[in-house]
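**Q**
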Amino acid sequence: MSSLTDLKDRIDTKTLNMVLLTFATGGIYTILWLYRNYSIIDEITETKTINDTFVIWIAVCVGLGSLFGSSYDQALMIIGGILSIASTVLYIVCAFKMKTCLQNYVLNKFKMEFPMNGFYTFIFSIFYINYCINDLGKLESRQRVKSSEYENIAQQLEKLAELKEKGIINEEEFNSQKAKLLNGNV
7 MSSLTDLKDR IDTKTLNMVL LTFATGGIYT ILWLYRNYSI IDEITETKTI
57 NDTFVIWIAV CVGLGSLFGS SYDQALMIIG GILSIASTVL YIVCAFKMKT
107 CLQNYVLNKF KMEFPMNGFY TFIFSIFYIN YCINDLGKLE SRQRVKSSEY
157 ENIAQQLEKL AELKEKGIIN EEEFNSQKAK LLNGNV
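Residue numbers for the sequence shown, in the working numbering: 7 to 192.
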């Protein structure tokens with residue numbers, strides 16, 4: 007059986023490195039990361055997110071947007087701006103496809119919720135996806151902690167029920183303590 011960290015282990019890109027390399031290469035690194043890793047994401051999650059053509063369109067929009075945007079011709083600058091916006095939209099579409107893919111993968115394969123912020127997906131797109139992939143290992147440990155907390159609460163509720171059955175506490179005290187346990191106030 008595959009592990010929750012397989013995706014993280016195969017992609018193995020620290021988000022800070024990704025951001026720095028993207029700035030250092032004028033955006034080229036993000037395109038290379040996407041081209042190299044979308045197939046790994048698709049393979050592990052057994053879901054189709056994007057394809058080579060999608061990545062090429064991002065590269066074309068980024069490249070031509072930069073080229074035309076630095077022109078002295080007003081019309082070319084406008085075209086460059088439109089192409090830059092188009093590349094941003096393509097990145098956002100890709101990020102949301104990968105977000106859905108990752109959430110479904112974790113839910114269906116490991117029976118865990120994987121909360122990913124839609125706002126961050128929109129603003130940080132591929133960077134946030136990489137961050138979430140790196141966070142998969144922590145998700146597993148958080149899930150274990152949450153499970154043990156639920157088991158502890160269940161045991162305490164059983165003890166309270168026993169105390170009530172034995173007449174040590176009355177119905178009102180039982181309900182009060184039960185409410186405290188379920189609300190996390192104990």
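Cβ atoms here follow ideal geometry from the backbone N, Cα and C, with glycine treated the same way. Small disclaimer: the values here were computed from a predicted structure and weren't measured.
(1) Taking only three categories from DSSP, how would you classify VAL192?
(2) Contact criterion: CB-CB distance below 8 Å. Does ALA185 meet it with respect to chain B?
(3) Hey, could you find the ends of the alpha helix (DSSP H) SER72 is sitting in?
(4) Measuring alpha carbon to alpha carbon, tell me which residue in LYS172, ALA185, ILE132 and GLN183 is nearest ILE34.
(5) Does DSSP put THR21 in a helix, in a strand, or in coil?
(6) With distances taken from CA atoms, which of GLY32, LYS105, THR31 and VAL112 is nearest PHE128?
(7) Determine the DSSP secondary structure at LEU10, reduced to helix, strand or coil.
(8) Going by alpha carbons, who is nearest to LEU22 out of ILE135, LEU82 and VAL95?
(9) Please report the straight-line C-alpha distance between PHE74 and ILE84, rounded to a whole angstrom.
(10) State the start and end residues of the unbroken alpha helix (DSSP H) segment that holds ASP141.
(11) With a Cβ-Cβ cutoff of 8 Å, do LEU96 and ILE64 count as a contact?
(12) So, for TYR41: in the same chain, excluding its five sequence neighbours on each side, which residues have a beta-carbon less than 6 Å away from its beta-carbon?
(13) By a C-beta neighbour count over all protein chains shown, 10 Å radius and 16 as the cutoff for buried, is LYS144 buried or exposed?
**A** The answer reads as follows:
(1) Walking along the sequence shown from the start, residue 192 turns up at place 186. The predicted model places VAL192 with a pLDDT of 48, which falls under 50 and marks its position as unreliable; any figure quoted below should be read in that light. Coil, per DSSP.
(2) This model lacks chain B altogether, as it is built from one protein chain only.
(3) Your numbering for residue 72 matches position 66 in the sequence shown. Here the alpha helix (DSSP H) through SER72 covers 58-75.
(4) Position 28 of the sequence shown holds residue 34. Nearest of LYS172, ALA185, ILE132 and GLN183 to ILE34, Cα basis: ILE132.
(5) The residue you call residue 21 lines up with position 15 of the sequence shown. The answer is helix: DSSP assigns THR21 an H, G or I state.
(6) As a first step, residue 128 is located in the sequence shown; it is residue number 122 there, counting from the start. For PHE128, the nearest C-alpha among the options comes from LYS105.
(7) On the sequence shown, position 4 is the one that residue 10 refers to. Shown here, LEU10 sits in coil according to DSSP, grouped into three states, outside any helix or strand.
(8) As a first step, residue 22 must be located in the sequence shown, where it is residue number 16. Nearest C-alpha to LEU22: ILE135.
(9) Locating residue 74 in the sequence shown gives position 68, where the first residue counts as 1. Locating residue 84 in the sequence shown gives position 78, where the first residue counts as 1. Rounded to the nearest whole angstrom, the C-alpha separation of PHE74 and ILE84 is 8 Å.
(10) Position 135 of the sequence shown holds residue 141. Neither: ASP141 is in no alpha helix (DSSP H) and is coded neither H nor E.
(11) Taking the first residue of the sequence shown as position 1, residue 96 is located at position 90. Taking the first residue of the sequence shown as position 1, residue 64 is located at position 58. The answer is yes: Cβ separation under 8 Å.
(12) Along the sequence shown, one-based indexing puts residue 41 at 35. For TYR41, where only same-chain residues beyond five positions count, the Cβ hits under 6 Å are VAL61.
(13) Within the sequence shown, numbered from 1, the residue matching residue 144 stands at position 138. Residue environment analysis places LYS144 among the exposed positions, since fewer than 16 neighbouring C-beta atoms fall within 10 angstroms of its C-beta.
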